[in-house]
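Top line first, the protein sequences correspond to chains A and B. Counting from 1 along the first sequence, just add 910 to a position and that's the residue number in the working numbering. Counting from 1 along the second sequence, just add 30 to a position and that's the residue number in the working numbering. Beta carbons are placed, not taken as given, at the ideal position from N, Cα and C, and that holds for glycine. Predicted, not measured: the structure shown is a model, and the values here were computed from it.
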Amino acid sequence: MQFFGGSEISPSPPVPTTTGNNAHMMYVFNRNGVCLLYREWNRPLHTLNPQQDHKLMFGLLFSLKSLTAKMDPTSADKGNLGVPQLPGQGCSFHSFRTNTYKLSFMETPSGIKIILVTHPRTGDLREPLKYIYNLYVEYVAKNPLYTPGTSIRCELFNTALDQYVRSIA
Amino acid sequence: MAPAAPRSGDAIFASVERVNAELFTLTYGAIVRQLLTDLEEVEEVNKQLDQMGYNIGIRLIDEFLAKSNVSRCVDFKETAEVIAKVGFKMFLGVTASVTNWDADGTCCSIVLEDNPLVDFVELPDTCQGLYYCNILSGVIRGSLEMVSMKTEVTWIRDMLRGDDAYELQVKLLKQVPEEYPYKDDE
């Protein structure tokens, strides 16, 4: 009699494209809205095609940044809503949390935006995002084969990123 | 958790990987020499060095921001100070000073007493119009452009031409804020 291992009781989950991770996904955008990198580790539900998804994400963050700056009760200078601010100027939000996920965001003065979506109980990810920015500098900015402003296709960067994100609690 | 304070130029310089100074100087000298042979015109070489510096600058800015942890500078004066004290120290190991501010605060001079690019260099008579260190002006222009500032950088004094120091004039042309790149109807 043949036994098919494990398949009657609990079917094994489909093998993910990259090894399991506790983070859901990650985006890197540059100052012109070009999505430089999109990594997905654990995203069961896809609602939009990739271009729309990236535009939505970028638009969301652009608006959130603008909104949080305008609502700042401690800032003396109030420009008009919708007037773009220089990246890094004024107040900047760094994360939002829902009951199913937490989105952490970091923007550098050069306009590089790093977004990491994780499970809701993740702590403050500002230091890890800075570390990821350092990884970006080492593997991407210093890479002579990379043209700034285009999407990142660097295996070493992807591997280093996967390893690091796996280690974030 | 309070954000980390910006690190001083010395601290970063001590912690990054460094190359041998002579190797750096001689490699740069070889590049300029080759450009002169290929392009022949001194003006063309100046332009090419500036363009090379620009390409370096657009990548260098990310390394600078990542390692030095500075937040956005409030005004151009602070920007110039940061370039002179942290930037030059971190990448070249020399400290520069900022002088000669004009009335609006948009134009200043960065003075370098010591310049590692020009050790052992002498300009021959055939190359008198050459700005040997023009790559530096490209680097500054490229980096500032990536932080939304359009600038113009020119050499005022150059020791290879007989002056007593290296002086770069950095002039802020305008600040270019980020625009929403997608059209609303898409």
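Requested in this report: Determine the direct distance from the alpha carbon of Tyr162(B) to that of Val62(B), and round the result to whole angstroms.
Outcome: Indexing the second sequence from 1 puts residue 62(B) at position 32. Indexing the second sequence from 1 puts residue 162(B) at position 132. Looking at the two C-alpha atoms, the distance is approximately 8 Å.
Query raised in the report: Could you give the residue range of the alpha helix (DSSP H) that holds Val1075(A)?
Result: Indexing the first sequence from 1 puts residue 1075(A) at position 165. Its alpha helix (DSSP H) spans residues Glu1065 to Ser1077.
Query raised in the report: Short check: CB of Thr184(B) to CB of Leu202(B), under 7 Å?
Result: For this step, residue 184(B) is matched to residue 154 along the second sequence. For this step, residue 202(B) is matched to residue 172 along the second sequence. No, the pair does not count as a contact, with Cβ atoms beyond the cut-off.
Query raised in the report: Helix, strand or coil: how does DSSP classify Ser1002(A) here?
Result: As a position in the first sequence, residue 1002(A) is number 92, starting the count at 1. Here Ser1002(A) sits in coil by DSSP.
Report task. With a threshold of 16 other CB atoms inside 10 Å of the CB of Thr927(A), please say whether the residue is buried or exposed. Result -> Against the first sequence, residue 927(A) aligns to sequence position 17. Any reading at Thr927(A) needs caution, since the residue's pLDDT is 44, under 50, leaving its predicted position unreliable; the model's value is listed next. Thr927(A) is exposed by the Cβ-count criterion.
Report task. Using the Cα positions of Leu79(B) and Asn164(B), report the straight-line distance between them to the nearest angstrom. Result -> As a working mapping, residue 79(B) is identified with position 49 in the second sequence. As a working mapping, residue 164(B) is identified with position 134 in the second sequence. For Leu79(B) and Asn164(B), the distance between alpha carbons rounds to 6 Å.
Query raised in the report: Any residues in the region 929-945 of chain A with a beta carbon nearer than 9 Å to a beta carbon of chain B? Which ones, in chain order?
Result: Arg941, Asn942, Gly943 and Val944
Requested in this report: To the nearest angstrom, report how far apart Lys119(B) and Leu1055(A) are at their CA atoms.
Outcome: Working through the second sequence from its first residue, we reach residue 119(B) at position 89. Working through the first sequence from its first residue, we reach residue 1055(A) at position 145. In a straight line, the C-alpha of Lys119(B) is about 27 Å away from that of Leu1055(A).
Query raised in the report: If you measure beta-carbon to beta-carbon, which residues of the region 1035-1054 of chain A are closer than 8 Å to chain B?
Result: Arg1036, Glu1037, Lys1040, Tyr1043, Asn1044, Tyr1046, Val1047, Ala1051 and Lys1052
Query raised in the report: Applying a beta-carbon distance threshold of less than 7 Å, which residues of chain D neighbour Phe972(A)?
Result: Within the model displayed, chain D is absent; protein chains A and B are what it includes.
Report task. Buried or exposed for Ala44(B), please, with buried defined as at least 16 other CB atoms from any protein chain shown within 10 angstroms of its CB. Result -> Looking up residue 44(B) in the second sequence gives position 14. So Ala44(B) ends up on the exposed side.
Report task. May I ask you to report which of helix, strand or coil DSSP gives Leu1035(A)? Result -> Within the first sequence, residue 1035(A) is the residue found at index 125, counting from 1. It is coil, neither helix nor strand.
Requested in this report: Provide the residue(s) that pair with Phe939(A) in DSSP beta bridges, ordered along the chain.
Outcome: Within the first sequence, the letter at position 29 stands for residue 939(A). Phe939(A) pairs with Cys945(A) and Lys1023(A).
Query raised in the report: If you scan the region 41-80 of chain B from start to end, which runs of the alpha helix (DSSP H) of 4 or more residues do you find wholly inside it?
Result: If we require 4 residues or more, the alpha helix (DSSP H) runs fully inside the region 41-80 of chain B come out as 51-69.
Query raised in the report: Counting only beta-carbon atoms, is Thr1018(A) nearer than 7 Å to chain B?
Result: Residue numbering aside, residue 1018(A) sits at position 108 when the first sequence is read from its first letter. Taking Cβ atoms only, chain B reaches closer than 7 Å to Thr1018(A), which makes this a yes.
Report task. Give the residues of chain A in contact with Leu153(B), contact being defined as C-beta atoms less than 7 Å apart. Result -> On the second sequence, position 123 is the one that residue 153(B) refers to. Per Cβ cutoff of 7 Å: no residues; Leu153(B) is ~30 Å from chain A at best.
Query raised in the report: Around the C-beta of Phe1006(A), are 16 or more other C-beta atoms found within 10 angstroms, so that it is buried, or is it exposed?
Result: Counting from one through the first sequence, the residue named residue 1006(A) turns up at place 96. Exposed, by the Cβ-count rule.
Query raised in the report: Just to confirm, are Ala1070(A) and Leu1035(A) a CB contact at a threshold of 7 Å?
Result: Within the first sequence, residue 1070(A) is the residue found at index 160, counting from 1. Within the first sequence, residue 1035(A) is the residue found at index 125, counting from 1. No, the pair does not count as a contact, with Cβ atoms beyond the cut-off.
Report task. Would you kindly work out how many angstroms separate the C-alpha atoms of Asp1072(A) and Glu950(A), rounded to a whole number? Result -> Counting from one through the first sequence, the residue named residue 1072(A) turns up at place 162. Counting from one through the first sequence, the residue named residue 950(A) turns up at place 40. Computed Cα separation, rounded: 10 Å.
Requested in this report: Within its chain, find whatever has a CB closer than 8 Å to the CB of Ala114(B); leave out the 5 residues flanking it on each side and keep chain order.
Outcome: Here residue 114(B) refers to the residue found at position 84 when the second sequence is read from its first residue. So the qualifying residues of the chain are Thr125, Ala126, Ser127, Val128 and Ile140.
Query raised in the report: What is the residue span of the beta strand (DSSP E) that Ala195(B) lies within?
Result: For the purposes of this step, residue 195(B) is identified with residue 165 of the second sequence, where counting begins at 1. First-last for Ala195(B): undefined, no H or E at that position.
Requested in this report: Check whether the Cβ atoms of Val72(B) and Leu160(B) lie closer than 7 Å to each other.
Outcome: Counted from its first residue, the second sequence places residue 72(B) at position 42. Counted from its first residue, the second sequence places residue 160(B) at position 130. Result yes, Cβ atoms of Val72(B) and Leu160(B) sit closer than 7 Å.
Query - Neighbour list for Arg89(B) in chain A, Cβ cutoff strictly below 8 Å - result: Position 59 of the second sequence, counting from 1, holds the residue named residue 89(B). In chain order: Ala1051, Lys1052 and Pro1058.
Query raised in the report: Is DSSP giving Leu1055(A) helix, strand or coil here?
Result: One-based indexing of the first sequence puts residue 1055(A) at position 145. In this structure, Leu1055(A) counts as coil in the three-state DSSP scheme.
Query raised in the report: Do we get a CB-CB distance below 7 Å when we pair Glu93(B) with the residues of chain A?
Result: Here residue 93(B) refers to the residue found at position 63 of the second sequence. Chain A, which has a Cβ nearer than 7 Å to the Cβ of Glu93(B), makes this yes.
Query raised in the report: DSSP three-state call for His964(A): helix, strand or coil?
Result: Position 54 of the first sequence, counting from 1, holds the residue named residue 964(A). Helix.
Query raised in the report: Can you tell which of Leu66(B), Gly83(B), Glu208(B) and Met179(B) has the C-alpha that lies nearest to the C-alpha of Lys107(B)?
Result: Mapped onto the second sequence, residue 107(B) falls at position 77. Closest by alpha carbon: Met179(B).
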